[in-house]
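**Student:** Counting in my numbering, the sequence shown runs without a single skipped number right up to 285 at its last residue. This is the structure I have questions about; it appears just below.
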Amino acid sequence: MRSLRFALAAAAMIATTAFATPADPKNGAEYRTLPTAQPTQAVGKKVEVIEFFAYHCPHCYVIEGPVAAWAKKHKDDVTFKRIAFPFRGPSDAEAHLWLTLDAMGKAEEMSPRVFNANHVERARLDNDEAILAWVAKKSGLDNAKFLEFWNSFGVLTKLKRLPQLVEAYKLDGTPAFVVDGRLVTSPSIVTMANPGTERQAAEVTMATLDALVAKVLKEKGYAGAAPAKTAAK
């Protein structure tokens, strides 16, 4: 997130109004390619797209709406999922919260409320005690069931492995997106090539994802399935 703040601050001094939308994003500019592609779980004529996020991250909060709209638009050609970034390692409390909600089948329903608690209500849900208190008093979840999943072997095992996953994707901040296990983009990446405001960076990130999905679909012989008009090269 530090690199994103620096990039946005520099961008604001360069341009505040004009902002390009990359119809043809370039490797090394609007996105980068991982040295080793990671396994994907896309099924059929779909492309896997993963967003790495953190509930406390203000940039993730800003891009939450555009990401939700983008995922809905691509429901027929994208397998979309979110993964919490373990900033504090294998015991990261926010990642623990996300994994618990995901295991309960409540992540999609509850994540907007967690974002709201962090960024509107100014709750500091950054440690186990604060999270457990919020869940018990304000979440509306069944507290006993939540604790059952929170302490489950499956959730704790996934939490321990999250740092290894982040390392495999060569990520160091949020939000970040991985397309087809190998193409990485983010607001911080696109801002370096396309200076502008944070909300404009979100728009260009979505446009870049459009193009990357179209690129992968074309490579797999499914050209024409994605809404994007042009593919990245």
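All residues carry an ideal CB built from backbone N, CA and C; glycine is no exception. It should be emphasised that the depicted structure is a prediction, and the values quoted were computed from it without experimental measurement.
Beta strand (DSSP E) containing R140: first to last residue?
**Tutor:** From DSSP, R140 is part of no beta strand (DSSP E); its letter is neither H nor E.
**Student:** Tell me whether V95 is buried or exposed, calling it buried when 16 or more other Cβ atoms sit within 10 Å of its Cβ.
**Tutor:** That one is exposed.
**Student:** Quick one: any contact between the region 86 to 100 and the region 144 to 155, if contact means 3 or more CB pairs under 8 Å?
**Tutor:** Counting Cβ pairs under 8 Å, fewer than three are found: no touch.
**Student:** Which residue comes first and which comes last in the beta strand (DSSP E) that contains E100?
**Tutor:** 99 to 105 is the span of the beta strand (DSSP E), which, as asked, contains E100.
**Student:** Starting from the Cα of A147, find the closest Cα among L235, V166, E116 and give me that residue.
**Tutor:** Answer by Cα proximity: V166.
**Student:** Should D76 be labelled buried (16 or more other beta-carbon atoms within 10 Å of its own) or exposed?
**Tutor:** D76 is exposed by the Cβ-count criterion.
**Student:** Starting from R165, follow the alpha helix (DSSP H) in both directions and report where the run begins and ends.
**Tutor:** First-last of the alpha helix (DSSP H) with R165: 159 to 171.
**Student:** Among the candidates T85, R84, A123, E219, whose CA atom is the shortest distance from the CA of E103?
**Tutor:** When only C-alpha atoms are compared, the closest one is A123.
**Student:** What is the DSSP secondary structure of V187, reduced to helix, strand or coil?
**Tutor:** Three-state DSSP puts V187 in a helix.
**Student:** Can you give me the start and stop residues for the alpha helix (DSSP H) that R213 sits inside?
**Tutor:** Here the alpha helix (DSSP H) through R213 covers 205 to 220.
**Student:** Can you tell me which of the three DSSP states V95 falls into?
**Tutor:** If DSSP states are grouped into helix, strand and coil, V95 belongs with coil.
**Student:** For K272, which of helix, strand or coil comes out of DSSP?
**Tutor:** Three-state result, K272: coil.
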